[in-house]
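S.K.: Pasting a structure here, questions to come.
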Amino acid sequence: VGLIEPATKQGFEFHSAERGYVMMTIWLPVGMSVGAPGGTPSSVPNGTAGEMPNGPPVVQEDPYNLPPPASHQVGVGAFVLNKNNEVLVVQERRGPGARIPDFWKLPTGLVDKGEALGDAVVREVLEETGVHVELCCVLSMRESHNIGMQGQSDLFFTCACRPLSEEIHIQESEIAAAKWISIEEYMKFDFIKGSLLTNLMEQGIMYFRGEYVGMKPEWVPLGLSSDRMQMLYHSAIIKNVNYVQISEELVSKH
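The structure is reproduced here in structure tokens:
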């Protein structure tokens with residue numbers, strides 16, 4: 001903290017900050033270093049600086065092109081369907097959704113730093129509801145902008161999940177209630193009709209009927225002479241899946 005004031009006097013600007021650190025940056029012209037007011041000429045790369053006949057060194061300005069701080073946040077939501085054609089929904093204790101009467105939503109949350117999408121959605125469902133699930137596929141991605149205090153962009157991935165347990169234990173600090181509700185009953189709510197939730201529900205229903213593939217995760221090597229592995233999400237036929245059976249009329253009605 002004590003370095004912020006002297007760094008600011010040298011021309012450093014705030015770049016980004018998180019709990020535990022602050023990053024400040026300065027863009028130096030080629031051949032210039034920080035030290036004295038206005039900078040001190042150091043090395044003279046080819047054609048970038050030189051002596052004028054009767055004057056100080058001339059330093060060429062380069063445009064500022066340091067990468068900006070993170071511009072996006074990533075969220076996940078879980079479409080969890082059991083063998084009784086019931087979907088897992090929650091009511092928030094606080095936030096915009098908590099102010100809407102009788103508003104039930106899918107379990108959602110933000111992806112932690114270094115966390116895979118599949119791990120994040122499994123963790124969020126367990127934290128909010130106490131239900132253990134496994135990731136089946138990514139159903140869709142929603143993109144929105146000017147979110148939160150810093151006006152960030154938001155990438156939100158809705159995932160189809162299969163429950164490994166069904167007993168509910170809510171996270172009381174964030175969740176007011178959670179329950180299993182039949183697809184038919186949930187789709188009758190007014191806040192569902194004509195909204196993004198309609199699309200999400202239909203995609204989830206069609207996936208478990210075997211009519212929609214979605215994107216499944218697969219670890220693949222990065223290549224480029226590296227043994228590093230990365231997660232690739234892609235569309236492919238998933239073999240040996242016991243799809244939950246849902247009535248034919250359900251999707252067509254909505």
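FYI, in my numbering the residues of the sequence shown are 1 to 254.
All residues carry an ideal CB built from backbone N, CA and C; glycine is no exception.
(1) Would you please state the rounded distance, in angstroms, between the beta carbons of V87 and L81? I believe it to be under 8 Å.
(2) Ends of the alpha helix (DSSP H) at P217?
(3) Relative to the C-alpha of G127, which candidate in A116, P96, L139, P107 has its C-alpha closest?
(4) In terms of residue numbering, what span does the beta strand (DSSP E) encompassing V122 cover?
(5) Using a 10 Å radius around the Cβ and a threshold of 16 neighbouring Cβ atoms, would you call T158 buried or exposed?
(6) Could I get the ranges of all uninterrupted alpha helix (DSSP H) runs contained in the stretch 171-221, with 4 residues as the minimum, in chain order?
(7) On a Cα-Cα basis, can you pick out the residue from E18, L222, E13 that is closest to W27?
(8) Roughly how many whole angstroms lie between the Cα atoms of A176 and E218?
(9) Tell me G12's beta-bridge partners as DSSP assigns them.
(10) Within the continuous beta strand (DSSP E) that includes S153, where are the two ends?
(11) Apply the 10 Å Cβ neighbour rule to E134 and answer buried if 16 or more other Cβ atoms are within range, or exposed otherwise.
(12) Once the 5 residues before and after G151 are set aside, which same chain residues still bring their CB inside 7 Å of it?
(13) According to DSSP, V89 sits in a beta bridge with which residue or residues?
(14) How would you call Y207, buried or exposed, if buried means at least 16 neighbouring beta carbons within 10 angstroms?
(15) For M23, which option in I4, Q10, Q91 has the closest C-alpha, if you only look at C-alpha atoms?
M.R.: The relevant details are as follows:
(1) Position 87 of the sequence shown, counting from 1, holds the residue named residue 87. Position 81 of the sequence shown, counting from 1, holds the residue named residue 81. The Cβ separation is near 6 Å, so the contact holds.
(2) Taking the first residue of the sequence shown as position 1, residue 217 is located at position 217. Segment 216-223 is the beta strand (DSSP E) holding P217; no alpha helix (DSSP H) there.
(3) In the sequence shown, the residue the question calls residue 127 occupies position 127. It is Glu, not Gly, that sits at residue 127 in the sequence shown. Residue P107 is the option with its Cα nearest to E127.
(4) Here the question's residue 122 lines up with position 122 in the sequence shown. Where V122 is concerned, there is no enclosing beta strand (DSSP E), although the alpha helix (DSSP H) it sits in stretches over 117-129.
(5) Along the sequence shown, read from residue 1 onward, the residue named residue 158 stands at position 158. T158 comes out buried.
(6) 183-186, 196-208
(7) Within the sequence shown, residue 27 is the residue found at index 27, counting from 1. Ranking E18, L222, E13 by Cα distance to W27 puts E13 first.
(8) Here residue 176 refers to the residue found at position 176 when the sequence shown is read from its first residue. Here residue 218 refers to the residue found at position 218 when the sequence shown is read from its first residue. Spanning the two alpha carbons is a distance of roughly 35 Å.
(9) Translated into positions along the sequence shown, residue 12 becomes position 12. Residue identity differs from the one stated: residue 12 is Phe in this sequence, not Gly. According to DSSP, F12 bridges with nothing at all.
(10) Indexing the sequence shown from 1 puts residue 153 at position 153. It spans 152-163 - the beta strand (DSSP E) in which S153 sits, taken as one unbroken run.
(11) In the sequence shown, residue 134 corresponds to position 134, counting from 1. Looking at its Cβ environment, which holds fewer than 16 other Cβ atoms inside 10 Å, E134 is exposed.
(12) For the purposes of this step, residue 151 is taken as residue 151 along the sequence shown, with counting starting at 1. None.
(13) In the sequence shown, counting from the first residue as 1, residue 89 sits at position 89. Per DSSP, K179.
(14) Here the question's residue 207 lines up with position 207 in the sequence shown. Counting Cβ neighbours within 10 Å, Y207 comes out buried, since at least 16 surround it.
(15) As a position in the sequence shown, residue 23 is number 23, starting the count at 1. It is I4 whose Cα lies nearest to the Cα of M23.
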